[in-house]
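S.K.:
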Amino acid sequence: MVDLYLSLPPLVQGLLKGLAVIMVIFPIGGACSMAERKVSAWIQGRPGPNRAVVPWVAWIPVLGPFLQRLGVFHVMADGGKMLFKEDALPGHVRKFYFVLAPLVAMMPALTTVTTVPVGAYLDAAGRTVPLVLANVDIGILAVFAVSSLGVYALILAGWASNSKYPFLGGIRASAQLIAYELSLTLSVVPVFLWINAPGTPGTLSLSRAVEFQSGAWQGFSAASWGGVWFLFLMPLSALVFLIALFAETNRHPFDMAEGESDLVGGFHTEYGAFKWGLFFVAEYAHMLIGSAVFTLLFLGGWNPLPWVPLATLVDWLTALTPLAAHPIAVGLLSIGIFLGKVLALIFFFMWVRWTVPRFRYDQVMELGWKKLLPLSIVNLLFYLGAIAALTP
Amino acid sequence: MGELTFNLLAWFTLLSAAGVVINRNAVNAALCLLLCLTGVAGLFVVLEAYLLAFVLLLVYAGAVVALFLFIVMLLDTSGAPRSLPRRLPLIARVLAGGLVASGVLSFSARVKLPVSEAVAAAPGVGAALKPYAYQLFTTYLLPVQILGFLLLAAMLGVIVLSKKFEGLEDIK
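Chains A and B, in that order, are what the protein sequence lines are.
Take the first sequence: its letter number 258 is residue 274 in this note's numbering, and every next letter is one higher.
Take the second sequence: its letter number 140 is residue 778 in this note's numbering, and every next letter is one higher.
What follows is the structure, given as structure tokens:
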């Protein structure tokens, strides 16, 4: 199987990888949209979507009704509805850009996934090898660079719709995304300063950040203190990053670009059917990648607990059953731990959305420029001093 | 494979750069600029200068062109009459064309590629993080600072020109 894959020409391998990315991100995006409806229902004390069911599943005694009440089949119903609905194109829009915008929304989301490591396995020598499509040394920079192109989707959608509410949404989005990108980038600088020891070639790799948090990769001589997570080492960085992430993904307290109460639907007011669906999936894909990066940088990636790296867990499991040391088992275990953390973060995103009211636009700008940016600069200076003091 | 990608990307970059100049619609021109920058970033990737490629994407494609679009859309210049005269004097056209042609010709006549085996084999400054940062903070420290200062001066100028100051209260 592996030999067959490796014998394929590189172009086909690339296509297969791309297909794999799409086939993972799209269903997770759809499932997240369903989870959002269900979570909002639980928070508001409603049953939520609980009707749709596939006939032959309904015949299964206990499981069928349970899945029906959980609303899992609404994903299929929703997806099918969006696919087969009439794809209306309003007469007043700028057609080329109107159709282009949803595609532009998906592209950065699907491209950044390639540089995000999702798990690891132990090779014969016992070292952890990250599972990632493109293991580039400038990981975090690649993620930031490509995901910063996501703003064009909102700008183009707002402008191409050629009406007032979408236009306002697009304008808001562009100003907001640029404002928060600064704090987002500055807040991760201390993490990578801490990882990179003086004298080494220097790396911005995301998998190195995880290795550092598992204690396997020693940065400068203060070392990684046996695998402490950066969340505990740099709580302020994590907070600023998380807030900026909410703003960058246009999630609720910051969803100025959508703002149903004042802009109808914001940038996607004029969209319907699958084009609208693409925006929706792109939003969840961005959330997914944002949560993945947060997990890698601050929550220890695929390490199960702080100070308990993956290798230690595998040792414990191997004592129970030798099967646990198999590379595929370790890989699945690490992906499971990683995905668990990412999904927990996505639940946090939803939790915040249904708990906190939306900001006013001037509050968003003030928070971004007058509070988060100075905070992240002070934070950076503090860790500069700390690293200089700790380096012998 | 490498040469083919290089040629494709080079043509893509050149054509989208021409699109920036030729397009009447400012939004189309700005988007062509975005495509052009993406093409240049692709060229950097082919040359294995990943750092430069992603910095270019992050700063120019991600932020600067977004601001261009933002301004263009706010002003909505597409419907405005063109302020430039439609027929430039013939002599100016000939002069500009001659300057461009002589520039390209002198460049292609003087520059010999590859420069030398040793230079061609050495990794570029923009290839990795450390050499790039080292050059930025040593050799190019003064130009970077001067550019930053120029940008600051330009920003202050814009604030002074665009903001209406009525009394001392407004300056605070």
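Just so you know, even glycine gets a beta-carbon here, dropped at the ideal spot from N, CA and C.
Closer than 8 Å between beta carbons: that is the criterion. Which residues of the segment 150-166 of chain A meet it against chain B?
M.R.: Correct list: Val-152, Asp-153, Ile-154, Leu-157, Ala-158, Phe-160, Ala-161, Val-162, Ser-164, Leu-165.
S.K.: When you check each C-beta in the segment 685-707 of chain B against every C-beta of chain A, which residues fall closer than 9 Å?
M.R.: Per Cβ criterion, the list reads Tyr-688, Leu-689, Ala-691, Phe-692, Val-693, Leu-694, Leu-695, Leu-696, Val-697, Ala-699, Gly-700, Ala-701, Val-703, Ala-704, Leu-705, Leu-707.
S.K.: To be precise: take each residue of the segment 766-790 of chain B, compare its Cβ to all Cβ atoms of chain A, and keep it if any distance is under 7 Å. Which residues remain?
M.R.: The residues in question are Ala-766, Leu-767, Lys-768.
S.K.: For a cutoff of 7 Å on Cβ pairs, would you count Gly-218/A as touching chain B?
M.R.: Here residue 218/A is taken as the residue at index 202 of the first sequence, counted from 1. For Gly-218/A, the answer is yes, since a Cβ of chain B falls inside 7 Å of its Cβ.
S.K.: Using C-beta distances below 6 Å, list every residue in its chain close to Ser-307/A, excluding the 5 sequence neighbours before and after it, in chain order.
M.R.: Against the first sequence, residue 307/A aligns to sequence position 291. Answer for Ser-307/A: Val-358, Leu-361, Ile-362, listed in chain order.
S.K.: Rounded to whole angstroms, what's the CA-CA distance from Ala-169/A to Ala-195/A? Just pull it up for me.
M.R.: Working through the first sequence from its first residue, we reach residue 169/A at position 153. Working through the first sequence from its first residue, we reach residue 195/A at position 179. For Ala-169/A and Ala-195/A, the distance between alpha carbons rounds to 17 Å.
S.K.: Buried or exposed for Pro-65/A, please, with buried defined as at least 16 other CB atoms from any protein chain shown within 10 angstroms of its CB.
M.R.: Along the first sequence, read from residue 1 onward, the residue named residue 65/A stands at position 49. When all chains shown are included, Pro-65/A counts as buried.
S.K.: Cutting at 7 Å between CB atoms, please list the residues of its own chain near Ser-164/A, excluding the five before and the five after it.
M.R.: Looking up residue 164/A in the first sequence gives position 148. So the list reads Glu-197, once near-sequence residues are dropped.
S.K.: What residue range is occupied by the uninterrupted alpha helix (DSSP H) comprising Pro-201/A?
M.R.: For the purposes of this step, residue 201/A is taken as the residue at position 185 of the first sequence. The sequence given here has Thr at residue 201/A, not Pro. 180-211 is the span of the alpha helix (DSSP H), which, as asked, contains Thr-201/A.
S.K.: Would you please state the rounded distance, in angstroms, between the beta carbons of Gly-87/A and Lys-54/A? I believe it to be under 8 Å.
M.R.: Along the first sequence, one-based indexing puts residue 87/A at 71. Along the first sequence, one-based indexing puts residue 54/A at 38. That pair is a contact at about 6 Å.
S.K.: Would you say Ser-23/A faces chain B, with C-beta separation under 7 Å as the test?
M.R.: In the first sequence, counting from the first residue as 1, residue 23/A sits at position 7. No, its Cβ sits nowhere closer than 7 Å to a Cβ of chain B.
S.K.: Decide yes or no for the touch test of the segment 335-343 of chain A against the segment 169-188 of chain A: beta carbon pairs closer than 8 Å, at least 3 of them.
M.R.: Verdict: no, contact absent.
S.K.: How would you list, in chain order, the residues of chain B whose beta-carbon sits under 9 Å from the beta-carbon of Ile-187/A?
M.R.: To locate residue 187/A, count along the first sequence from 1; it is residue 171. Under the 9 Å cutoff, chain B gives Phe-708, Met-711, Leu-712.
S.K.: Pull up the distance between the alpha-carbon of Pro-106/A and that of Trp-210/A, whole angstroms please.
M.R.: By one-based count along the first sequence, residue 106/A stands at place 90. By one-based count along the first sequence, residue 210/A stands at place 194. Cα to Cα, Pro-106/A sits roughly 52 Å from Trp-210/A.
S.K.: Does Ser-237/A have its Cβ less than 7 Å from a Cβ in chain B?
M.R.: Within the first sequence, the letter at position 221 stands for residue 237/A. Low confidence applies to Ser-237/A: its pLDDT is 46, below 50, so where it sits in the model is not reliable, and the reading given next is rough at best. Chain B contact via Cβ: absent.
S.K.: State the DSSP-derived secondary structure class of Gly-135/A, mapped to helix, strand or coil.
M.R.: Mapped onto the first sequence, residue 135/A falls at position 119. The answer is strand: DSSP assigns Gly-135/A an E or B state.
S.K.: Nearest-angstrom Cα distance between Leu-24/A and Ala-667/B?
M.R.: Indexing the first sequence from 1 puts residue 24/A at position 8. Indexing the second sequence from 1 puts residue 667/B at position 29. So the alpha carbons of these two residues sit roughly 40 Å apart.
S.K.: Please state whether the Cβ-Cβ distance between Ala-161/A and Leu-696/B is less than 7 Å.
M.R.: Within the first sequence, numbered from 1, the residue matching residue 161/A stands at position 145. Within the second sequence, numbered from 1, the residue matching residue 696/B stands at position 58. A contact, by the Cβ cut-off of 7 Å.
S.K.: Let me see if you follow: with CB-CB separation under 7 Å, is Trp-385/A close to chain B or not?
M.R.: Along the first sequence, read from residue 1 onward, the residue named residue 385/A stands at position 369. Closer than 7 Å: no.
S.K.: Please confirm whether Ser-190/A has its beta-carbon closer than 7 Å to some beta-carbon of chain B.
M.R.: Mapped onto the first sequence, residue 190/A falls at position 174. Interface residue, yes.
S.K.: For Gly-282/A, tell me which candidate among Val-132/A, Ala-289/A, Asn-266/A, Phe-290/A has the shortest Cα-Cα distance.
M.R.: Taking the first residue of the first sequence as position 1, residue 282/A is located at position 266. Among Val-132/A, Ala-289/A, Asn-266/A, Phe-290/A, the Cα nearest to that of Gly-282/A belongs to Asn-266/A.
S.K.: Closest to Ile-353/A by CA distance: which of Ile-76/A, Ala-136/A, Glu-274/A, Ser-277/A is it?
M.R.: To locate residue 353/A, count along the first sequence from 1; it is residue 337. Checking every option, the nearest Cα to that of Ile-353/A belongs to Ala-136/A.
S.K.: Helix, strand or coil for Pro-146/A per DSSP?
M.R.: Here residue 146/A refers to the residue found at position 130 of the first sequence. DSSP places Pro-146/A in strand when its eight states are reduced to three.
S.K.: Assuming Ser-177/A and Phe-114/A form a contact by the criterion Cβ under 8 Å, report the distance between their Cβ atoms to the nearest whole angstrom.
M.R.: Within the first sequence, the letter at position 161 stands for residue 177/A. Within the first sequence, the letter at position 98 stands for residue 114/A. Indeed they touch by this definition, with Cβ atoms about 7 Å apart.
S.K.: Just reading off the alpha helix (DSSP H) that Glu-382/A is part of, what are its end residues?
M.R.: As a position in the first sequence, residue 382/A is number 366, starting the count at 1. First-last of the alpha helix (DSSP H) with Glu-382/A: 377-382.
S.K.: Below 7 Å CB to CB, which residues in the same chain sit around Leu-28/A once its five sequence neighbours on both sides are set aside?
M.R.: If you number the first sequence from 1, residue 28/A lands on position 12. Per the sequence presented here, residue 28/A reads as Val, with Leu not at that position. Same-chain partners within the cutoff: there are none.
S.K.: Nearest-angstrom Cα distance between Ala-260/A and Leu-694/B?
M.R.: Within the first sequence, the letter at position 244 stands for residue 260/A. Within the second sequence, the letter at position 56 stands for residue 694/B. Going by the C-alpha atoms only, they are around 22 Å apart.
S.K.: If we cut at 7 Å on Cβ distances, does Ile-171/A have a partner in chain B?
M.R.: The count along the first sequence starts at 1 and reaches residue 171/A at position 155. Yes - at least one Cβ of chain B is within 7 Å of the one on Ile-171/A.
S.K.: Specify, as a first and last residue, the run of the alpha helix (DSSP H) that Val-330/A falls within.
M.R.: Taking the first sequence and counting its residues from 1, the one referred to as residue 330/A is at position 314. Element bounds for Val-330/A: 326-336.
S.K.: Any chance you could list the alpha helix (DSSP H) runs of at least 4 consecutive residues sitting entirely within the segment 647-714 of chain B, in chain order?
M.R.: DSSP runs (the alpha helix (DSSP H)) wholly in the segment 647-714 of chain B: 664-684, 688-694, 703-713.
S.K.: In chain order, what residues of the same chain have a beta carbon less than 6 Å from the beta carbon of Leu-811/B, not counting five sequence neighbours either side?
M.R.: Since the displayed chain B opens at 639 and closes at 810, residue 811/B lies outside it and no answer follows.
S.K.: In whole angstroms, what separates the C-alpha of Val-658/B from that of Ala-704/B?
M.R.: As a working mapping, residue 658/B is identified with position 20 in the second sequence. As a working mapping, residue 704/B is identified with position 66 in the second sequence. Using only the alpha carbons, I get a separation of about 15 Å.
S.K.: Quick one, which of Ser-350/A, Gly-288/A, Phe-364/A has its alpha-carbon nearest Ala-117/A's?
M.R.: Locating residue 117/A in the first sequence gives position 101, counting from the first residue. When each option's Cα is compared against that of Ala-117/A, the closest is Gly-288/A.
S.K.: Name the DSSP bridge partner or partners of Leu-321/A?
M.R.: Here residue 321/A is taken as the residue at index 305 of the first sequence, counted from 1. According to DSSP, which records beta bridges pairwise, Leu-321/A is partnered with Val-324/A.
S.K.: Could you please tell me which residues of the segment 284-318 of chain A, in chain order, have their CB closer than 8 Å to any CB of chain B?
M.R.: Taking 8 Å as the Cβ-Cβ cut-off against chain B, none of the residues of the segment 284-318 of chain A qualify.
S.K.: Would you kindly work out how many angstroms separate the C-alpha atoms of Ser-237/A and Ala-402/A, rounded to a whole number?
M.R.: Here residue 237/A refers to the residue found at position 221 when the first sequence is read from its first residue. Here residue 402/A refers to the residue found at position 386 when the first sequence is read from its first residue. Confidence in Ser-237/A is poor, its pLDDT being 46 and thus under 50, which makes the residue's placement unreliable; the coordinate value appears in the next sentence. Going from the Cα of Ser-237/A to the Cα of Ala-402/A covers about 13 Å.
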